[in-house]
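Colleague:
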Amino acid sequence: MTVSLSARNIVKHYGGVVALADANLDVQSGETVALIGANGSGKSTLSKIINGVVALDGGQLLLDGDPIHLSSPQAAKKLGISTVFQELSLIPQMTIEENIWLAREPLRAGLVDARTLRKRTAALLALFEGTFRSSLQADTPISALPPDEKQIIEILKAISFDPRLIILDEATASLDNRQVERLFQLVTQWKRAGKAIIFVSHRMEEIFRVADNYSVLRNGVTVGAGPIKGVSERGLVELMVEKAATTGTMKRDRQMFSAPTDHKLRLEVKDLQTDVLGGVSLQLHDGELLGIGGLKGQGQRDLLLALFGDMPYWGEVTLSGEPVRFKHPNQAIKKGVALVPGERAKEGLLFIRSILENMLAPSWKNYGFPLRMGRARADALKVGASLGLKMAGLDEPVSSLSGGNAQKVVIGKWLLRDPRLLLLDDPTKGVDVGTKAEFYKLLAQLCAQGTAILFYSSDDEELLGLCDRVLVLHDGIIRAELSGTTLTKANLVAASLGASDEGAAAAPGTRPAESVPSQRVQ
Amino acid sequence: MNKFRWSTFSARRPYLFTLLLLVVCMAVNFVFQPGLFERNTLNSNMRVFLPSILLAAGQAVVVLAGGIDISVGAILSIVNTILVTKLGARASTGRTAELLAFVLVIGMLAGAINGFFIAYLRLQPIITTYATSFLFGGIALAILPYPGGAIPAALATFYRGTTPLGLPLAFLVIFLMLAAWALTQRTRYGRYLYAVGGQPDAAYATAVPVNGVQFSTYVVSGFMAALAGIAITMLTSSGSAGIGDALTLTSISAVVIGGTALRGGVGGVAGPILGAVILGFVRNIISFANVSLWWQTFVNAAIIVVALAAPGIIDLFRRVVYENIKDIPAARRRSAGGHSVPGQRPAA
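Protein chains in written order, with this note's numbering: chain A, 92 to 613; chain B, 1050 to 1397.
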């Protein structure tokens, strides 16, 4: 069995956003290629193009030297390309064997051949023998499995039809050490059997263990590729980071946020844990903009939601010198906490309702009964003006606003309540550059007024440009605390990938990632 | 080797509770009607139950695949009104066979309309079939504005007199349905039903023809409703445009009692069939107890409300418990993968 796949000059746009400009990847039988890149570099888009989930806009995919056109994941599967997805494609109510062989059940006389099915399932399960509970049976329903075992079944499902090319997209994220070990043994076996493997992971250590070659994406362009032996961690990080990343404008932005250090402590978190977070501690002062960085899904959202009382947690949280334990966002809001969620349309706004209603949603009780609409409108207008909100009128629906203006409404509704602690969950996602600049100015204004802001962003440049201090989360713990001279793009990216870079001082009180199992209980 | 666990035991046998309920209902019914197990009583009871049994089996297939069919009663009414108006008391055997085949096609066609709207236009099952139930009900009313009509006496005699092996006809029908279901479960289509009801997105990503499967379930349900219509026509020997109105609710209650989850993906057909029998006994008990038949509707509706609310109530209960137990993460992580996190400690 031999196979070779080349992606040549792949281009992909999402609307006006360029996800891939010139992406290239070569992989062939018996080798593992690590696809590496920072946030938004386009590595997930590229893997989705190779497995047929996303259609390409330009460039070419060559399989065994012939150009191919993939219209669906099924088309890719027929050609022998299989993907282990991070978001699982299993049906919880069905059993392990039913899931693995769904739509490909062995038939005898038109009926499902239960005996062959059981035998083949047992053979697959044997691949991971010893790394899961002994009670795992072919007829155990998926819903009864913990996340790591689900992930294993997902892997088995992907390899059950003997693919030639396997894409492992963050497949190790919910596995424990033993299971990762076994997976890597299997990868070696697959390579020997002539399969090709594309390995996408956010763990540097794993990349160096399992990959033969690497391919680095930066802003949708493949900027480097070669044998992993000839490169160091530092070399890879440098490839991922643009050389001319330190720009003057960014530095100036940061000046706006130079917080006086004599401000009082607004928030103190000690050993906060959720199903994803493995013990996070931090301090946030009034007037400070504290950045939270790292790759997506490393627990940033959990941290913000836990502080907003929207997720159960364990640990100590002290707000304004008073220990608190919010069980409902309502309690958090009363204490002056506000959350600007990432999914604006879904979590932040009543999309089809008017701007006025959205602005006043958390504050109606200040306007008596019957509602004093005149005062409400005046307040909303005042906040709108202070935000530079461009609108046709307060009665227009929020859905008529652009992304940036809609985001201002989300902020505006909290300004009416005069928040002391503002939690931002990737607030500039999908917002154009001009509005971003205005948004930054607004943040500076709030900081100057003494609001404490905890700012998670998936945009590394934004964190570097705005924050004096950035905490980098990786696998649910603070991997590094960057500030002053250590706050560089290289250190940020390195810490995001779990690499221990000499410049990045480990935050006090953090444990090495290896000691924390990355179990994710959904 | 494996420790016995009640939850696993009952999860693998979803109709265990249904069987228990059946025994209780039969026992209570037996008190009111000591001759319950005599051949004639059993025959007449099962004759009355058969239409609901057929409806429940069809409904179960739809619910299993994640939908619901509120129009089954109206489809049954259409079939009933067509039969009593077109057959009359003196129809020949050939004509009767023709018409029976015709109404079965009508049933499937009505189901196909539902299926088209739901599977291919992605409309909500509950709204769509609620709307078509008025459409179908209106057609039935147009066919037979006033109750009446007639069928050949031979048909009614056939329904009453056919007792294979001296057992009720319904037993044979149930046996055939269970055999067909057992076979279905061993086909790919059977697996698809559970997959589509369980997680349609994941099923789609795995190359399951989700739309086709959804569509087919409504055709099956329409077919079963037509069969039920034939049965009820032979039972009553007359027609009424509103004859099926109350039966829709019964069919859904039967599915719920039968351990088939309304959210789809869990259950089977055997349970709902038992459920329909149970509801038949409940109806008997209510009429023997000399209370208004309105209570039958009350019981049906209450069953559905409780079934819908149960997951929410259990969840609420869990949340309350969860908040009061501080040291859960350690326990959960241990059960998740055999790890414990160093430095784990409960909240202050």
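We put the CB at the ideal spot given by N, CA and C, even for glycine.
Can you tell me which of the three DSSP states B:Phe1066 falls into?
Modeller: For the purposes of this step, residue 1066 of chain B is taken as the residue at position 17 of the second sequence. If DSSP states are grouped into helix, strand and coil, B:Phe1066 belongs with the helices.
Colleague: What first and last residue would you give for the alpha helix (DSSP H) that runs through A:Asn457?
Modeller: Along the first sequence, one-based indexing puts residue 457 of chain A at 366. Segment: none, A:Asn457 is in no alpha helix (DSSP H) and carries neither H nor E.
Colleague: In chain order, what residues of the same chain have a beta carbon less than 6 Å from the beta carbon of A:Gly589, not counting five sequence neighbours either side?
Modeller: Translated into positions along the first sequence, residue 589 of chain A becomes position 498. Around A:Gly589: Arg294, Met295, His565 and Ala604.
Colleague: Can you find a C-beta in chain B that's less than 8 Å from the C-beta of A:Ala194?
Modeller: Counting from one through the first sequence, the residue named residue 194 of chain A turns up at place 103. By this cut-off, A:Ala194 is an interface position.
Colleague: Using only CA atoms, which one of B:Ile1352, B:Leu1357, B:Ile1363 and B:Pro1360 lies nearest to B:Thr1067?
Modeller: Against the second sequence, residue 1067 of chain B aligns to sequence position 18. Selected option, being the one with the closest Cα: B:Ile1352.
Colleague: Whole angstroms are fine: how far does the CA of B:Ile1176 sit from the CA of A:Ala205?
Modeller: Residue numbering aside, residue 205 of chain A sits at position 114 when the first sequence is read from its first letter. Residue numbering aside, residue 1176 of chain B sits at position 127 when the second sequence is read from its first letter. For A:Ala205 and B:Ile1176, the distance between alpha carbons rounds to 38 Å.
Colleague: Just to make sure I have the definition right: I need the residues of chain A whose C-beta is within less than 9 Å of the C-beta of B:Tyr1248. Which are they?
Modeller: Position 199 of the second sequence, counted from the start, is the residue given in the question as residue 1248 of chain B. It is worth fixing the name first, because residue 1248 of chain B is Gln in this sequence and not Tyr. In chain order: Ser180, Leu181, Ile182, Pro183, Gln184 and Met185.
Colleague: Please classify A:Ile246 as buried or exposed, where buried requires at least 16 other C-beta atoms within 10 Å of its C-beta.
Modeller: Numbered from 1 along the first sequence, position 155 holds the residue referred to as residue 246 of chain A. Counting Cβ neighbours within 10 Å, A:Ile246 comes out buried, since at least 16 surround it.
Colleague: Contact defined as beta carbons within less than 8 Å: I believe A:Ile141 pairs with A:Ala98. What is the distance between those atoms, to the nearest angstrom?
Modeller: Indexing the first sequence from 1 puts residue 141 of chain A at position 50. Indexing the first sequence from 1 puts residue 98 of chain A at position 7. That pair is a contact at about 6 Å.
Colleague: Note down the Cα distance separating A:Pro197 from A:Thr207, rounded to an integer number of angstroms.
Modeller: The residue labelled residue 197 of chain A in the question sits at position 106 within the first sequence. The residue labelled residue 207 of chain A in the question sits at position 116 within the first sequence. Their Cα atoms are separated by approximately 7 Å.
Colleague: Grouping DSSP H, G and I as helix and E and B as strand, with all else coil, what is A:Glu261?
Modeller: Looking up residue 261 of chain A in the first sequence gives position 170. Coil.
Colleague: Beta-carbon separation of B:Phe1081 and B:Phe1337 under 8 Å?
Modeller: Numbered from its first residue, the second sequence carries residue 1081 of chain B at position 32. Numbered from its first residue, the second sequence carries residue 1337 of chain B at position 288. In this structure, B:Phe1337 lies closer than 8 Å to B:Phe1081 by Cβ.
Colleague: Just to confirm the assignment, what range does the beta strand (DSSP E) spanning A:Arg560 have?
Modeller: Along the first sequence, read from residue 1 onward, the residue named residue 560 of chain A stands at position 469. Its beta strand (DSSP E) spans residues Arg560 to His565.
Colleague: If you measure beta-carbon to beta-carbon, which residues of the segment 1234-1258 of chain B are closer than 7 Å to chain A?
Modeller: Flagged, chain order: Arg1235, Thr1236, Arg1237, Arg1240, Tyr1243, Ala1244, Gly1247, Gln1248, Ala1251, Ala1252, Ala1254, Thr1255, Ala1256 and Val1257.
Colleague: Could you tell me which of B:Glu1087, B:Arg1368, B:Val1340 and B:Ala1325 sits nearest to B:Leu1104, measuring between CA atoms?
Modeller: Looking up residue 1104 of chain B in the second sequence gives position 55. Ranking the options by Cα distance to B:Leu1104, first place goes to B:Ala1325.
Colleague: Per DSSP, which one or two residues make a beta bridge with A:Arg199?
Modeller: As a working note, residue 199 of chain A is residue 108 in the first sequence. DSSP output for A:Arg199 lists A:Leu202 as bridge partner(s).
Colleague: Out of curiosity, what's the CA-to-CA distance linking A:Gln270 and A:Gly311?
Modeller: As a first step, residue 270 of chain A must be located in the first sequence, where it is residue number 179. As a first step, residue 311 of chain A must be located in the first sequence, where it is residue number 220. Distance between the alpha carbons of A:Gln270 and A:Gly311: 32 Å.
Colleague: Using only the alpha-carbon positions, how far apart do A:Gln498 and A:Val367 sit?
Modeller: Position 407 of the first sequence, counted from the start, is the residue given in the question as residue 498 of chain A. Position 276 of the first sequence, counted from the start, is the residue given in the question as residue 367 of chain A. Near 27 Å, if we compare the C-alpha coordinates of A:Val367 and A:Gln498.
Colleague: In this structure, does DSSP put A:Gly339 in helix, strand or coil?
Modeller: By 1-based counting over the first sequence, the position of residue 339 of chain A is 248. Here the model assigns A:Gly339 a pLDDT of 38, short of 50, so the residue's position is not dependable and the matter cannot be decided.
Colleague: In terms of alpha-carbon separation, which member of A:Ala543, A:Asn496, A:Glu379 and A:Leu126 lies closest to A:Glu297?
Modeller: For the purposes of this step, residue 297 of chain A is taken as residue 206 along the first sequence, with counting starting at 1. The candidate whose alpha carbon is nearest that of A:Glu297 is A:Leu126.
Colleague: Among A:Gly321, A:Arg309 and A:Ala284, which residue has its Cα nearest to the Cα of A:Ala302?
Modeller: Along the first sequence, read from residue 1 onward, the residue named residue 302 of chain A stands at position 211. Among A:Gly321, A:Arg309 and A:Ala284, the Cα nearest to that of A:Ala302 is on A:Gly321.
Colleague: Just by C-beta distance, which residues in the segment 1287-1321 of chain B are closer than 9 Å to chain A?
Modeller: For the segment 1287-1321 of chain B, which is checked against every Cβ of chain A, the residues closer than 9 Å are Ala1310, Gly1313, Gly1314 and Val1315.
Colleague: So with CB distances below 8 Å, who are the chain E contacts of A:Val203?
Modeller: Chain labels in this structure do not include chain E; the protein chains are A and B.
Colleague: Do you know offhand how far B:Asn1078's Cα is from B:Ile1334's?
Modeller: Position 29 of the second sequence, counted from the start, is the residue given in the question as residue 1078 of chain B. Position 285 of the second sequence, counted from the start, is the residue given in the question as residue 1334 of chain B. One C-alpha to the other measures close to 6 Å.
Colleague: Since I believe A:Val291 is in contact with A:Lys134 (beta carbons under 8 Å), could you give me their beta-carbon distance rounded to a whole number of angstroms?
Modeller: For the purposes of this step, residue 134 of chain A is identified with residue 43 of the first sequence, where counting begins at 1. For the purposes of this step, residue 291 of chain A is identified with residue 200 of the first sequence, where counting begins at 1. With a Cβ gap of about 6 Å, A:Lys134 and A:Val291 count as contacting.
Colleague: Given a threshold of 16 other Cβ atoms within 10 Å of its Cβ, counted over all protein chains shown, does A:Glu189 qualify as buried or as exposed?
Modeller: To locate residue 189 of chain A, count along the first sequence from 1; it is residue 98. Looking at its Cβ environment, which holds 16 or more other Cβ atoms inside 10 Å, A:Glu189 is buried.
Colleague: Any beta carbon from chain B within less than 8 Å of A:Pro420's own beta carbon?
Modeller: In the first sequence, the residue the question calls residue 420 of chain A occupies position 329. No - not a single Cβ of chain B is within 8 Å of the one on A:Pro420.
Colleague: Less than 8 Å between CB atoms is the rule here; does A:Gln165 satisfy it with respect to chain B?
Modeller: Residue mapping note: residue 165 of chain A aligns to position 74 of the first sequence, counting from 1. True, the Cβ-Cβ gap to chain B drops below 8 Å.
Colleague: Verify whether the separation of the beta carbon atoms of B:Leu1132 and B:Thr1282 is less than 8 Å.
Modeller: In the second sequence, counting from the first residue as 1, residue 1132 of chain B sits at position 83. In the second sequence, counting from the first residue as 1, residue 1282 of chain B sits at position 233. For B:Leu1132 and B:Thr1282, yes; Cβs fall inside 8 Å.
Colleague: Please report how far the alpha carbon of A:Asp397 lies from the alpha carbon of A:Pro403, in whole angstroms.
Modeller: Working through the first sequence from its first residue, we reach residue 397 of chain A at position 306. Working through the first sequence from its first residue, we reach residue 403 of chain A at position 312. Here residue 397 of chain A turns out to be Ala, not Asp, going by the sequence shown. Between A:Ala397 and A:Pro403, the C-alpha separation is close to 6 Å.
Colleague: Can you tell me where the alpha helix (DSSP H) holding A:Glu448 begins and where it ends?
Modeller: Counting from 1 along the first sequence, the entry for residue 448 of chain A is found at position 357. Ile446 to Leu451 is the span of the alpha helix (DSSP H), which, as asked, contains A:Glu448.
Colleague: Residues of chain B with a CB under 7 Å from the CB of A:Glu189: which are they?
Modeller: Position 98 of the first sequence holds residue 189 of chain A. Simply Arg1240.
Colleague: Looking at C-alpha atoms only, which residue of A:Val94, A:Ser173, A:Lys139 and A:Leu327 is the closest neighbour of A:Leu154?
Modeller: Against the first sequence, residue 154 of chain A aligns to sequence position 63. Checked all of A:Val94, A:Ser173, A:Lys139 and A:Leu327; the closest Cα to A:Leu154 is A:Val94.
Colleague: Is it buried or exposed for A:Asp355, if we count other Cβ within 10 angstroms and need 16 for buried?
Modeller: What you label residue 355 of chain A is simply residue 264 of the first sequence in a count that begins at 1. According to the sequence displayed, residue 355 of chain A carries Lys and not Asp. Classification of A:Lys355: exposed, given that the 10 Å Cβ count is below 16.
Colleague: Taking a contact to mean a Cβ-Cβ separation below 8 Å, would you say B:Ser1270 touches B:Gly1107 in this structure?
Modeller: Along the second sequence, read from residue 1 onward, the residue named residue 1270 of chain B stands at position 221. Along the second sequence, read from residue 1 onward, the residue named residue 1107 of chain B stands at position 58. Yes; because the gap between Cβ atoms is below 8 Å, this pair is in contact.
Colleague: Check each candidate in B:Arg1237, B:Tyr1267, B:Thr1309 and B:Asn1092 and name the one with the smallest Cα separation from B:Pro1258.
Modeller: One-based indexing of the second sequence puts residue 1258 of chain B at position 209. Nearest C-alpha to B:Pro1258: B:Arg1237.
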